[in-house]
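S.K.:
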Amino acid sequence: ITGIVLTKMDGDARGGAALSIRQVTGQPLKFVGVGEKSDAFEVFHPDRVASRILGMGDVLSLIEKAEEAIDKKQAVEMQRKLIENDFTLEDFRDQIRQIRKLGPLESLLGMMPNMGILKDLKNVKIDEKEITHIVAIIDSMTPHERANHMIINGSRRRRIAKGSGTSVQEVNQLLKQYSQARKMMKSFSGGFLGKKLGKMKLPAF
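Residue numbers (my numbering): 3 to 207.
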């Protein structure tokens with residue numbers, strides 16, 4: 003044995019197991035599993051795990067994941083959309099897909115510092131199936147509907163629900179969530195952040 007792989011280390015409770023394995027085998031822990039899929043493995047950094055256990059988060063690992071998973075051209079385009087308040091349902095779906103590439107959402111929340119509003123977020127239970135339903139609902143819309151959510155009336159909602167294998171209530175809930183996200187984006191684009199983004203020279207990738 004030259005190294006150890008510890009699976010199901012989504013939270014911090016298995017930190018003791020990691021220490022025990024190291025003590026018993028005398029070999030280093032090299033990789034940890036942070037999810038159920040085969041790609042949900044991370045290089046083990048003992049200092050970062052200790053930081054998570056102490057509630058200080060692991061921002062460095064979060065940044066590394068973002069750099070690997072997030073498309074830079076899409077990030078620049080999203081910055082433009084934020085400035086111009088042009089955030090569509092298609093953008094909403096694409097953002098969800100980008101975030102999912104980072105790994106299990108509960109694992110991502112575990113990397114955030116345990117302070118302020120982030121402390122409350124750590125107690126939120128994420129239903130991955132619900133996220134799958136959101137993507138399926140948006141995929142069942144026509145390009146015109148994704149670009150202009152105001153045209154999605156009752157009959158369109160029934161068609162979308164049937165096409166995505168969900169209910170009309172779930173479609174309504176998604177549209178409500180999207181409207182809330184859009185309002186938040188609008189407040190960003192119209193306020194101090196929007197002015198700052200507008201003055202920034204966007205890099206060419």
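From the three backbone atoms N, C-alpha and C, an ideal C-beta is built for every residue, glycine too.
1) Can you tell me which residues form a DSSP beta bridge with leucine 31?
2) Could you say which of Ala163, Thr134, Glu130 and Ile3 lies nearest to asparagine 174 if we only look at CA atoms?
3) So, helix, strand or coil for phenylalanine 43, using DSSP?
4) What is the DSSP secondary structure of threonine 134, reduced to helix, strand or coil?
5) Are phenylalanine 89 and arginine 184 close, meaning C-beta to C-beta below 8 angstroms?
6) Using only the alpha-carbon positions, how far apart do methionine 80 and valine 45 sit?
7) Can you give me the Cβ contacts of isoleucine 98 inside the same chain, cut-off strictly under 7 angstroms, excluding the 5 residues immediately before and after it?
8) When the Cα atoms are used, what is the spatial distance from aspartate 7 to proline 30?
9) Please confirm whether isoleucine 85 has its beta-carbon closer than 8 angstroms to some beta-carbon of chain D.
10) On the three-state DSSP scale, how would you describe methionine 80?
11) Tell me the DSSP secondary structure of phenylalanine 94 in three-state form.
12) Taking Cβ to Cβ, would you say glutamate 92 is nearer than 8 angstroms to alanine 149?
13) Compare the C-alpha of arginine 160 against each of Met152, Ser142 and His146 and name the closest.
14) For the putative contact between isoleucine 139 and glutamate 172, defined by C-beta atoms under 8 angstroms, what is the C-beta separation to the nearest angstrom?
15) Candidates Gly167, Asp73, Ser181 and Glu130: which alpha carbon is nearest isoleucine 154's?
16) Near aspartate 96, which residues of its chain fall below 6 angstroms by C-beta distance, leaving aside the five closest residues on each side in sequence?
17) The alpha helix (DSSP H) with serine 169 in it runs from where to where?
18) Measuring only the C-alpha atoms, how far is methionine 186 from glycine 35?
19) Rounded to a whole number of angstroms, what is the C-alpha to C-alpha distance between lysine 83 and leucine 177?
20) Start and end of the alpha helix (DSSP H) containing histidine 146?
M.R.: Reading it off the structure:
1) Ile6
2) Ala163
3) strand
4) helix
5) yes
6) 30 angstroms
7) Ile133, Ile136 and Val137
8) The residue asked about is misnamed: residue 7 is valine in this sequence, not aspartate. Approximately 9 angstroms, taken between the alpha carbons.
9) Absent from the structure: chain D. Only one protein chain is present.
10) helix
11) helix
12) yes
13) Ser142
14) 7 angstroms
15) Ser181
16) none
17) Run containing serine 169: none; DSSP gives neither H nor E here.
18) 34 angstroms
19) 19 angstroms
20) 145-149
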